[in-house]
Amino acid sequence: MKTKGRVLILGAGLMQRPAIVSARRLGFEVYVIDANESAVCVPLADEFCLIDLKNREAIADYAQKLQNTGGLCGVFTAGTDFSASVSFAAERCGLPAHSFEAALNASDKLRMRQRFAEYDVPSPVYYEVTIKSVESFAQSISSDKYPLVVKPADNMGARGCRLVRSKKELIAAVSEAVSYSRSARAIVEEYMDGSEFSIDALVYNGSVTICGFADRHICYPPYFVEMGHTMPSTFNQSDQLQLIEAFVKGVNALGLTCGAAKGDIKLTKRGPMIGEIAARLSGGYMSGWTYPYAADFALTQEALRIACGEIPEELLARRLPVKVECAGTKVFEIPCKYTCAERAWISIPGRVVSISGLSSVTREQGISDVLPRAVSGCDVIFPQNNVEKCGNVIAIGKMYDISSNRADHAISQIVLRLEAENEKTAAFLQKKTTDDEQLFPPDAYIPPQGGAFVINEACLKPLPFEGSILSVMPDELLPYLDTIYDWNHRTLRHTIELFERLCPIRGTIQAGTFWNACIRGGIQGMLYVADCSADRRRGK
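So the sequence shown is numbered by this note's numbering: it starts at 7 and just counts up by one.
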């Protein structure tokens with residue numbers, strides 16, 4: 007079958023699957039590069055080439071080789087850090103894309119903040135910091151400037167990002183952020199307090215079309231872990247228009263003119279403020295999964311058409327005007343028809359020995375995707391960024407609450423059972439944390455008024471060898487059986503029911519240890535304590 011040309015896609019991970027599939031659907035021959043020859047989407051490529059995505063010269067040379075030996079229509083990525091590599095190769099080959107300079111503006115947070123300052127785009131006050139300068143910088147910052155946010159200058163997925171509340175935290179955080187930076191630089195910003203949103207857009211012929219506006223659910227300070235997103239947003243239209251106007255202003259300031267743009271933006275007491283704008287489609291399942299489901303619109307396909315110099319016909323046919331003032335830029339949107347919710351499940355530290363609930367979740371009403379990351383035998387931690395989560399589900403519904411509840415319920419059914427006698431799991435349950443992270447990770451169950459549950463161990467009844475444990479539940483927890491939830495949307499009652507099903511026969515377990523493990527680690531803590539007890543009995 008004759009194809010209409012070649013497309014080069016950077017990245018062969020799951021986030022690039024929609025691009026590879028869309029390119030093939032459009033009739034292109036698909037060439038894919040990645041530094042990992044075992045990446046999940048390598049088998050989908052017509053040709054795979056092992057190239058590090060940071061190596062712009064090698065990428066451009068490969069693109070030119072494709073162009074000289076049969077033609078190349080476009081270069082593309084989604085959900086990676088390497089939009090600048092795309093523009094570098096496309097510019098070398100004379101193909102449509104954001105300019106290389108614009109892509110650099112959108113890849114380096116320090117360049118980005120400078121452009122925003124020059125063009126009066128609302129964004130936080132910022133500073134460049136390195137390992138050499140962090141001590142003097144920390145001395146120069148007065149206590150009333152805290153909290154601050156520290157990030158690597160050039161990375162994504164919230165890697166190396168955290169809130170800092172003191173000089174001590176600042177120095178440690180800069181060291182961590184620099185370790186994630188390809189240029190050994192960190193950016194320190196004033197903290198933007200407010201609700202957070204994600205925006206995807208396509209920039210084409212002087213217009214910006216909003217293709218996804220989602221509420222982000224960010225959790226677990228001092229880190230910024232996105233536990234999911236939901237679209238369309240529940241915020242009022244006036245707020246959304248302000249946010250879109252700020253986003254488009256940022257797109258223009260960066261010089262993005264041909265391709266995708268993705269923004270993280272907050273609504274603060276001072277109005278919209280931009281976290282960052284990237285010159286690509288989003289990762290995190292938004293551009294390739296939740297928005298296409300919610301809008302019934304092939305976003306990645308239309309982005310590819312722009313990258314290949316084709317007219318994005320569906321984009322032009324579906325878009326509707328948005329009433330915002332953006333210095334002559336025409337702004338449109340393609341609204342959602344349905345609601346879509348993505349949620350992540352997470353784990354306490356340890357090593358996974360088994361996973362239950364996955365097969366049943368896939369059959370639940372409204373669940374479109376179940377996307378596990380952690381598998382049996384792998385090590386897991388409580389996440390500090392967006393790549394350390396254990397998996398995701400995506401749910402669809404007619405209304406916001408319906409899709410959200412479906413996703414939350416699905417997550418609550420999935421249980422990662424951890425190996426017994428694991429030092430990291432034991433340390434977590436004993437709350438062994440560093441000085442600057444005394445409140446992280448949080449307990450699985452926290453009283454509604456805050457603080458922590460304190461169990462009167464002298465009043466506890468022994469745990470039965472088998473059968474129900476509800477009758478011996480501590481008095482301190484009983485009032486909250488159905489009103490408090492753990493990280494994975496389980497009530498105390500649900501957690502107890504899961505434990506009774508997954509561990510019907512138990513060894514002799516010290517009651518205080520067991521219930522404190524429940525409070526600290528939820529179902530995983532309870533199973534861990536029970537499994538350790540069983541292991542000790544077998545060893546006698």
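For every residue, glycine included, the Cβ atom is placed at its ideal position computed from N, Cα and C.
Judged by DSSP in its simplified three-state form, Thr236 adopts strand. Beta bridge pairing from DSSP links Ser360 with Arg423.
Out of Pro327, Gly473, Ser353 and Ile408, the CA that lies nearest to the CA of Gln371 is found in Ile408. Inclusion of Arg23 and Leu56 in the CB contact set at 9 Å is not warranted, their separation being larger than that value.
When secondary structure is reduced to three states using DSSP, Thr368 falls in the coil class, being assigned neither helix nor strand. Exposed is the label assigned to Ile317, since fewer than 16 other Cβ atoms lie within 10 Å of its Cβ. Pairing Ile475 with Asn242, the inter-Cα distance amounts to about 46 Å.
Taking C-beta separations shorter than 8 Å and ignoring five residues to either side along the sequence, the partners of Pro341 in its chain run Pro238, Ala301 and Leu326, following chain order.
Counted as a single uninterrupted DSSP element, the stretch harbouring Ala109 is not any beta strand (DSSP E) but the alpha helix (DSSP H) occupying residues Phe106 to Ser113.
Spatial neighbours of Thr431 in its own chain (CB-CB distance under 7 Å, excluding positions within 5 residues in sequence) are listed in chain order as Ile354, Pro355, Gly356, Leu424 and Tyr534.
Contact between the region 459-470 and the region 479-494 is present: 3 or more CB-CB pairs across the two stretches fall below 8 Å. In this structure, the straight-line span from the alpha carbon of Arg119 to that of Ala458 is close to 40 Å. Shown here, Trp351 sits in a strand according to DSSP, grouped into three states.
If you ignore the 5 residues before and after Arg191, its C-beta comes within less than 8 Å of the C-beta of Leu116, Glu134, Val135, Thr136, Pro158, Ala159, Asp160 and Val184, all in its own chain and listed in chain order. With contacts defined by Cβ atoms closer than 9 Å, Gly289 and Ala84 form a contacting pair.
Per DSSP, the beta-bridge partners of Thr345 are Gly403.
Membership of Ala207 in the beta strand (DSSP E) is indicated by the continuous run Gly200 to Tyr210. One thing to note: Ala112 has its Cβ no nearer than 9 Å to the Cβ of Ala103.
Contact between Leu169 and Tyr197 holds, since their C-beta atoms are separated by about 6 Å, short of 8 Å.
Per the DSSP secondary-structure output, Cys55 pairs in a beta bridge with Ile39. By DSSP's assignment, Thr215 forms a beta bridge with Leu208 and Phe338. Taking C-beta separations shorter than 7 Å and ignoring five residues to either side along the sequence, the partners of Gly33 in its chain run Thr9 and Lys10, following chain order. Per DSSP, Lys71 is one residue of the alpha helix (DSSP H) stretching across Arg62 to Asn74. Cβ-Cβ distances below 6 Å link Met233 to His223, Cys225 and Ala350 in the same chain, with the five nearest sequence neighbours on each side left out; the list follows chain order. Counting only residues of its own chain and dropping the five nearest sequence neighbours on each side, Ala109 has a CB closer than 6 Å to the CB of Ser89, Ala90, Ser93 and Ala285. Per the C-alpha coordinates, the member of Val381, Glu348 and Ala380 positioned closest to Ser374 is Glu348. Taking every protein chain shown into account, the CB of Gln436 has fewer than 16 other CB atoms within 10 angstroms, so this residue is exposed. The beta carbons of Ala304 and Ser28 sit closer together than 9 Å. Looking at the DSSP output, Pro158 sits in a beta bridge with Ala192.
Comparing C-alpha distances from Lys268 to each of His235, Ala178 and Cys217 shows the shortest one belongs to Cys217.
Less than 9 Å separates the beta-carbon of Ile361 from that of Val421.
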